[in-house]
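Position 119, counted from 1, in the sequence shown is what numbering that gives the first Met the number 0 calls 118; the numbers after and before it change by one each time, with no gaps.
Cβ coordinates follow ideal geometry from the N, Cα and C atoms, glycine included.
Reading through the structure tokens given below for one structure.
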Amino acid sequence: MINWLRIEEASIVVDVVETGTSDDLFFGMYCESLPANCWNSTSTHVIFSTECNSVEHIFSVELQTGSITRLTDTPGCWLVRDIQGDQMLASVSCIDMSPALVVASLKNFQKGTSLSWKYLDPVTRIPGIKWQFKSHLPRIPHPVYSSLTYESIVLQPSNRTSKGLILFPHGGPHSVFTAGYMSFSLSMAKLGFTVALVNYRGSTGFGEASIRSLVGNIGDADVKDVHQCAEEILEEFGLDREKVAVFGESHGGFLAAHLIGQYPDFYKAAAIYDAVTNLVTMVPVTDIPDWVHSEANVTGYSPGKVPTAEVNAYLYSKSPVAYINNIKAPTMVLVSGKDKRVPLLKAQNSTRVCYIERSNQDTCTLRTFTIEKKCYKLEDKS
């Protein structure tokens with residue numbers, strides 16, 4: 000047991016991971032917080048869940064040595080729920096398996112050996128679905144982080160011909176899709192569509208280098224990654240190129256809006272939910288104006304400082320609104336009435352711009368639905 004009273008200065012136990020390690024596939028700690036009960040019985044190991052590429056595993060860290068051990072093997076989404084003594088309660092799910100509770104003993108576990116998990120719930124598999132991971136090598140490598148790759152999770156109906164491809168980039172942009180149970184994408188696959196969950200460069204779970212590679216490159220590198228994913232999946236699975244749609248929320252909506260503007264003949268339909276469409280108009284109304292400047296790599300931001308015309312022009316060039324005159328795809332716009340990150344006012348302004356810009360063309364159908372719910376756990380109490 001660690002004698003905390005004898006520790007006189009802070010030390011780093013788990014450092015930032017640039018690109019991941021090969022032994023335990025550890026790419027860094029991306030958990031929002033440690034579990035409330037995260038210690039083994041001797042208080043020598045901290046146990047937590049974190050993302051590793053497109054999966055989520057449980058790890059232990061031996062505090063005195065910094066040794067990291069992965070405690071789970073099966074791909075999917077493993078989450079620590081509680082630890083009492085040497086008994087750990089966790090949940091596990093995957094794309095075609097709903098979440099189940101499992102328990103394992105931490106007593107005498109050693110590096111290189113797997114825990115023996117006992118399922119407390121029956122395993123429920125979803126029939127009619129097949130899925131796989133796909134790795135993608137960017138056609139245009141980053142000038143500094145040239146070895147980076149990215150992934151997608153592809154869901155397909157297993158018992159019928161696919162009706163088409165639905166591309167689904169995540170929001171954030173620094174978040175990730177893991178291979179856990181997600182009813183939304185599963186339902187689209189059950190309806191007969193091929194669904195690609197895209198973890199473009201900048202996603203968490205791929206190391207710090209991947210995250211840094213996107214700074215200053217939003218609206219470009221992430222858009223290219225998602226589009227390349229679509230092209231490769233269409234080619235590999237022999238899907239109909241005339242049946243490609245894209246859906247996204249927040250930064251995923253930002254990407255979806257970019258895609259239908261930058262590749263207007265490729266995408267045949269789109270749905271965007273609380274999408275970031277104009278970085279310039281987002282700054283004065285969002286609760287995270289610093290996010291805009293950070294992701295666009297604009298230095299010198301201050302809450303009381305008015306952006307220069309040059310900065311606004313630069314932010315506009317990275318925004319989907321810069322490509323709005325190109326859009327041909329029917330587009331559904333969904334906005335949340337109480338979202339403070341991408342506020343309703345901004346969404347309404349973006350929608351109004353769409354109407355004005357596209358009013359003389361019959362090729363673009365725009366429907367807006369206002370959803371009265373809070374997002375990002377940020378609700379205006381006034």
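Endpoints, the alpha helix (DSSP H) within which residue i is located
i, result
"C434", "Because the chain spans 0 through 381 in this model, residue 434 falls outside it and cannot be assessed."
"M187", "182-189"
"P168", "Here P168 belongs to no alpha helix (DSSP H); instead the beta strand (DSSP E) covers 164-168."
"H292", "288-295"
"L207", "Just to set this straight, residue 207 is Glu in the shown sequence, not Leu. Its alpha helix (DSSP H) spans residues 207-213."
"N311", "308-316"
"T280", "278-281"
Start and end residues, beta strand (DSSP E) containing residue i
i, result
"E50", "44-51"
"T41", "Element bounds for T41: n/a, residue is neither H nor E."
"G260", "Here G260 belongs to no beta strand (DSSP E); instead the alpha helix (DSSP H) covers 250-261."
"A103", "96-104"
"T73", "Counting along the chain, T73 falls outside any beta strand (DSSP E), and DSSP gives it neither H nor E."
"E55", "54-61"
"V197", "193-198"
"V143", "It is not in any beta strand (DSSP E) - V143 carries neither H nor E in the DSSP assignment."
"A89", "86-93"
"C130", "Residue identity check: residue 130 is Trp in the sequence provided, not Cys. Here the beta strand (DSSP E) through W130 covers 128-135."
Where residue i falls: helix, strand or coil (DSSP)
i, result
"D81", "strand"
"K223", "helix"
"L24", "coil"
"E17", "coil"
"A178", "coil"
"E328", "First, the residue type needs correcting, since residue 328 is Ala and not Glu in the sequence shown. In this structure, A328 counts as coil in the three-state DSSP scheme."
"F397", "As shown, the chain starts at 0 and ends at 381. That puts residue 397 outside it, with no answer to give."
"P156", "strand"
"A244", "strand"
"I271", "strand"
"E150", "strand"
"V334", "strand"
"Y300", "coil"
"Y322", "helix"
Neighbour-count burial assignment, residue i, 16 or more Cβ in a 10 Å radius
i, result
"F237", "Note that residue 237 corresponds to Gly in the displayed sequence, not to Phe. Looking at its Cβ environment, which holds fewer than 16 other Cβ atoms inside 10 Å, G237 is exposed."
"R351", "Summary for R351: the model assigns pLDDT 49, below 50, so the residue's position carries little reliability; its value from the coordinates is reported in the next sentence. By the neighbour-count rule (16 or more Cβ atoms within 10 Å), R351 is not buried but exposed."
"N107", "exposed"
"S151", "buried"
"I11", "exposed"
"L154", "buried"
"H223", "Checking the sequence, you will find Lys at residue 223 rather than His. K223 should be labelled buried."
"V15", "exposed"
"K317", "buried"
"I355", "Only weak support is given to the placement of I355: the predicted model assigns it a pLDDT of 45, under 50, and the value that follows is read from those uncertain coordinates. I355 should be labelled exposed."
Integer-rounded CB distance, given that residue j should sit under 8 Å from residue i
i, j, result
"Q83", "N36", "7 Å"
"A188", "P156", "6 Å"
| Quick one: any contact between the region 299-313 and the region 238-250, if contact means 3 or more CB pairs under 8 Å? | no
| message | Tell me whether the region 178-193 and the region 203-215 touch, counting them as touching only if at least three CB pairs, one residue from each stretch, are closer than 8 Å. | response | no
| query | Should the region 259-273 be called in touch with the region 324-334, which here means at least 3 C-beta pairs below 8 Å? | reply | yes
| So, do the region 133-147 and the region 112-122 have three or more beta carbon pairs nearer to each other than 8 Å? | no
| query | Is the region 71-82 close to the region 45-63, with three or more CB pairs under 8 Å? | reply | Touching, per the Cβ criterion.
| said: Any contact between the region 279-287 and the region 191-202? By contact I mean 3 or more CB pairs, one from each, below 8 Å. | reply: no
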